[in-house]
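Enquirer:
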Amino acid sequence: MAKRRRGDTEIGDGGGVIKDKSRQAPSRVSRPAQPEDFSSNIFPSPHPRFSASSRVRPSKSLGQNFLINEGVVTKIIEALAPESDETIIEIGPGKGALTAQLLEKAGRVVAVEFDRNLIPLLQATFAARENLKLLAEDALAVDFCNVIQPATQARVVANLPYNIATAVLRRLIAQRSCLCELVLMLQREVVERITAAPGSKERGYLSVFVEAYCDTEKLFDVAPGSFRPVPKVWSSVVRLTPKPALDPELDEELLWQLVSAGFAQKRKTILNNLRSASGKLLEIIKRHGGASIILCRAEIDVQRRAETISLEEWLRLARTME
Ligand code: SAM
Numbered sequence: 005m006a007k008r009r010r011g012d013t014e015i016g017d018g019g020g021v022i023k024d025k026s027r028q029a030p031s032r033v034s035r036p037a038q039p040e041d042f043s044s045n046i047f048p049s050p051h052p053r054f055s056a057s058s059r060v061r062p063s064k065s066l067g068q069n070f071l072i073n074e075g076v077v078t079k080i081i082e083a084l085a086p087e088s089d090e091t092i093i094e095i096g097p098g099k100g101a102l103t104a105q106l107l108e109k110a111g112r113v114v115a116v117e118f119d120r121n122l123i124p125l126l127q128a129t130f131a132a133r134e135n136l137k138l139l140a141e142d143a144l145a146v147d148f149c150n151v152i153q154p155a156t157q158a159r160v161v162a163n164l165p166y167n168i169a170t171a172v173l174r175r176l177i178a179q180r181s182c183l184c185e186l187v188l189m190l191q192r193e194v195v196e197r198i199t200a201a202p203g204s205k206e207r208g209y210l211s212v213f214v215e216a217y218c219d220t221e222k223l224f225d226v227a228p229g230s231f232r233p234v235p236k237v238w239s240s241v242v243r244l245t246p247k248p249a250l251d252p253e254l255d256e257e258l259l260w261q262l263v264s265a266g267f268a269q270k271r272k273t274i275l276n277n278l279r280s281a282s283g284k285l286l287e288i289i290k291r292h293g294g295a296s297i298i299l300c301r302a303e304i305d306v307q308r309r310a311e312t313i314s315l316e317e318w319l320r321l322a323r324t325m326e
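For reference, each letter of the sequence shown is one residue, going 5 to 326 in the working numbering.
1) I need the straight-line Cα distance from Leu-319 to Val-306, nearest angstrom please.
2) Report yes or no: do the segment 216–226 and the segment 240–249 share at least 3 C-beta pairs separated by less than 8 angstroms?
3) What residue range is occupied by the uninterrupted alpha helix (DSSP H) comprising Ala-171?
4) Go through its chain and collect everything with a Cβ distance to Ala-3's Cβ below 8 angstroms, but skip five positions before and after it.
5) Compare the beta carbon distance of Gly-111 and Phe-70 with 8 angstroms and say whether it is the shorter of the two.
6) So, at 6 angstroms on beta carbons, what are the nonlocal neighbours of Asp-238 in its own chain, with the 5 sequence-adjacent residues on each side left out?
7) Which one or two residues does DSSP pair with Pro-246 in a beta bridge?
8) Hey, which unbroken runs of the beta strand (DSSP E) at 3 residues or more fall wholly within the segment 53–129?
9) To the nearest angstrom, how far is the alpha carbon of Ala-295 from that of Glu-74?
10) Per DSSP, which one or two residues make a beta bridge with Asp-225?
11) Beta-carbon within less than 6 angstroms of Val-261's beta-carbon, same chain only, minus the 5 sequence neighbours each way: which residues are those?
12) By a C-beta neighbour count over all protein chains shown, 10 Å radius and 16 as the cutoff for buried, is Pro-165 buried or exposed?
13) Using the Cα positions of Val-234 and Pro-62, report the straight-line distance between them to the nearest angstrom.
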């Protein structure tokens with residue numbers, strides 16, 4: 005485990021927390037919070053993170069659906085299987101449902117929580133833990149490779165806020181050079197999209213994007229009753245393992261423009277969607293002879309729809325335009 009340095013803002017050594025001043029969480033000081041009733045939670049004994057002191061009104065805009073089912077917490081932690089010599093990043097620790105078990109097992113936990121109202125609770129709950137680095141920051145702005153230092157690699161676990169889940173996922177993928185595995189709880193429909201194979205009606209831009217950079221494995225579903233407040237939808241836990249880099253010669257920007265144009269209108273054929281491309285992409289397509297020529301060179305039937313096209317075929321299509 006990494007030795008902590010003087011000045012680190014890790015709780016447990018009396019340190020403060022780093023605050024992101026650029027994007028402050030909404031203040032909820034105007035009226036006293038009504039206690040959320042956790043008396044029905046199924047954790048066996050009262051724990052500070054579910055006691056009166058933890059009664060913070062959940063914020064819908066921050067996607068706060070807190071896990072109250074300890075069986076689910078254990079299943080997620082078992083799927084992650086943290087090692088005593090590794091660093092785990094937790095995004096959105098909330099009231100610490102996952103954090104508690106993580107701190108027991110992992111060498112070090114770097115937790116990034118945007119809601120400053122939850123920070124004092126997390127500090128109090130885990131005051132005795134020396135292996136927690138708590139950052140009051142926005143996961144959409146954090147440089148993950150930087151905050152895990154001195155570690156150079158980390159794994160990520162999160163029950164992601166639904167409203168920013170795909171944005172966070174894209175950010176994690178962008179920083180995958182220092183992230184060797186992601187175990188994420190997302191809305192079930194999002195996991196279905198991420199893991200959708202060619203030919204499935206759920207397949208879209210996100211499926212191809214994630215497949216290009218990660219191996220995916222859906223682990224299990226989680227019922228709405230496992231959270232408070234109870235969400236309207238089911239959740240699923242998925243494991244994403246970053247793959248080796250794509251061909252360094254490939255123009256990835258062009259690839260994603262093509263995929264985006266290809267899925268622009270799901271009922272249209274790939275030919276018609278590419279013919280309707282605009283801007284720089286349209287210019288490049290024209291320079292290479294037009295949509296039907298590039299599809300023909302990539303051996304993709306012009307009448308196919310984008311959701312039937314495999315990652316290999318998208319890559320082939322992008323390469324015809326190099
Ligand atoms: N991990 C806790 C659990 O399972 O009970 C809380 C999960 S809750 C679905 C999502 C958490 O992400 C909340 O604590 C919320 O405040 C936090 N959050 C929301 N937006 C965030 C952001 N941009 N960066 C970091 N955390 C964020």
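By construction, the Cβ of each residue, glycine as well, lies at the ideal position given by its N, Cα and C atoms.
Expert: Taking the coordinates as given:
1) Rounded to whole angstroms, Leu-319 to Val-306 spans 16 angstroms at the Cα level.
2) Touching, per the Cβ criterion.
3) Boundaries of the alpha helix (DSSP H) harbouring Ala-171: 169–178, taken from the DSSP string.
4) The structure shown does not extend to residue 3, since the chain is modelled only from 5 through 326, so no value can be given for it.
5) It is not a contact, given that the beta carbons lie outside the stated cut-off.
6) It is worth fixing the name first, because residue 238 is Trp in this sequence and not Asp. Non-local beta-carbon contacts of Trp-238 in its own chain, meaning distances under 6 angstroms to residues more than five positions away in sequence, involve Arg-192, Asp-225 in chain order.
7) The partner list for Pro-246 (beta bridge, DSSP) reads Cys-218.
8) You should have 91–95, 112–116.
9) It is roughly 53 angstroms from the alpha-carbon of Ala-295 to the alpha-carbon of Glu-74.
10) Note: Asp-225 sits in a beta bridge opposite Ser-240.
11) Inspection of the sequence shows that residue 261 is occupied by Gln rather than by Val. The residues are Leu-285.
12) By the neighbour-count definition (other C-beta atoms within 10 Å, threshold 16), Pro-165 is a buried residue.
13) The alpha-carbon separation between Val-234 and Pro-62 amounts to approximately 11 angstroms.
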